[in-house]
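Accompanying notes for the structure given below.
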Amino acid sequence: MVAPGTIAFAADDAAAVKTEDGKYFDKEGNPTYKVGADGTVDWYTYSGYRRYHSECHVCHGPDGMGSTYAPALQESLKTMSYGDFVSVVASGRKSGNSVMPALGDNPNVACYMDDLYVYLRARAHDAVGRVRPAKKEDKPEAYTETEKSCMGSK
1 MVAPGTIAFA
11 ADDAAAVKTE
21 DGKYFDKEGN
31 PTYKVGADGT
41 VDWYTYSGYR
51 RYHSECHVCH
61 GPDGMGSTYA
71 PALQESLKTM
81 SYGDFVSVVA
91 SGRKSGNSVM
101 PALGDNPNVA
111 CYMDDLYVYL
121 RARAHDAVGR
131 VRPAKKEDKP
141 EAYTETEKSC
151 MGSK
């Protein structure tokens, strides 16, 4: 059963059907991953891996499989919509004894919300393994500009 306010994704629903400035989107317009036949991942998946391991893995596990006090994000992203993901990460959530802190004011998270979502979505669909992707696309110029403006750089 899918919880209210979430959308279930089948593995093929995550397929990239459009690209814009190096970012891939599914048929619904949600950010998604792209993994080439040779294992090359898009920049957002690679960056999401890095951001996840700098901010999230301590609680959610090194591979998104959860822990005794934080849920398995690899499973959550099978049913969680992009909007719900952003809302929970930005605003936090409490469920029983489990507390997800609000990270919307943390620029190391807020500026990379799409990256985190894309990486975890790739993990949810077994498109990438638990280790750092060996090959990645180049960082898009548009990504660099967005990153600068989000982080307050000129």
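In terms of UniProt numbering, the numbers along the sequence shown are unbroken and rise by one, the last being 154.
The C-beta atom is built at its ideal place from N, Cα and C for all residues, glycine as well.
Bear in mind that the values here come from a model prediction, so they are computed numbers and not experimental data.
If distances are taken between C-alpha atoms only, which option among the options comes closest to residue i?
{"i": "S47", "options": "R132, E141, E145, M151", "result": "R132"}
{"i": "M100", "options": "T144, C59, R123", "result": "C59"}
{"i": "W43", "options": "E20, G61, A110", "result": "E20"}
{"i": "E55", "options": "K136, N106, D114", "result": "N106"}
{"i": "A134", "options": "T45, P62, R51, P140", "result": "T45"}
{"i": "N108", "options": "R123, V89, A122", "result": "V89"}
{"i": "Y52", "options": "S67, L73, V41", "result": "L73"}
{"i": "K139", "options": "E28, P31, V41, A102", "result": "V41"}
{"i": "S87", "options": "E28, D26, A110", "result": "A110"}
{"i": "M113", "options": "R93, R50, K136, P71", "result": "R50"}
Please tell me whether residue i and residue j are closer than 8 Å, where the distance is taken between their beta carbons.
{"i": "G64", "j": "L120", "result": "yes"}
{"i": "Y69", "j": "S98", "result": "yes"}
{"i": "N22", "j": "A142", "result": "It should be noted that the sequence gives Gly, not Asn, for residue 22. A contact, by the Cβ cut-off of 8 Å."}
Spell out the partners DSSP gives residue i in its beta bridges.
{"i": "F25", "result": "K18, P31"}
{"i": "V41", "result": "V35, K136"}
{"i": "S98", "result": "S95"}
Please classify residue i as buried or exposed, where buried requires at least 16 other C-beta atoms within 10 Å of its C-beta.
{"i": "V17", "result": "exposed"}
{"i": "M151", "result": "exposed"}
{"i": "D115", "result": "buried"}
{"i": "A14", "result": "buried"}
{"i": "K154", "result": "Low per-residue confidence applies at K154: pLDDT is 45, beneath 50, and the placement is therefore not dependable enough to give any value."}
{"i": "P62", "result": "exposed"}
{"i": "K78", "result": "buried"}
### Task
Assess, as a yes-or-no matter, whether the segment 28 to 39 is touched by the segment 114 to 127 under the definition of 3 or more beta carbon pairs within less than 8 Å.
yes
### Query
Do the segment 145 to 153 and the segment 76 to 86 meet, that is, are 3 or more Cβ pairs less than 8 Å apart?
no
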